[in-house]
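Numbering (the numbering used here), first residue to last: 112 to 193.
Written out as structure tokens, the structure is:
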């Protein structure tokens, strides 16, 4: 799958990164980094740790808006109506 991934698959790769472990996570990281380099202040180890805050910083470079906006929308969507 990773061999066939294209730059437009960056969003899928970003989501996949948090769902795989070990060598698979490294492979996904490297493929995604080839399309959208992570922010310079993030290390490979910090990204591979799976820390959501770190991954969110990389999201901001994907071109889908800031993650904080998505998180706010997601929270509003899942809250029950009164």
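No residue lacks a Cβ here, since even glycine has one placed at the ideal position from N, Cα and C.
query, result
"Kindly indicate the opening and closing residues of the alpha helix (DSSP H) around residue 163.", "163 to 170"
"Return the first residue and the last residue of the alpha helix (DSSP H) that residue 150 is part of.", "Taken as a continuous stretch (DSSP letters only), residue 150 belongs to no alpha helix (DSSP H), as it is neither H nor E."
"To the nearest angstrom, how far is the alpha carbon of residue 112 from that of residue 168?", "25 Å"
"Considering only their Cβ atoms, is the gap separating residue 141 from residue 116 smaller than 8 Å?", "no"
"Excluding sequence positions up to five away, which residues of its chain have a Cβ less than 8 Å from the Cβ of residue 123?", "116"
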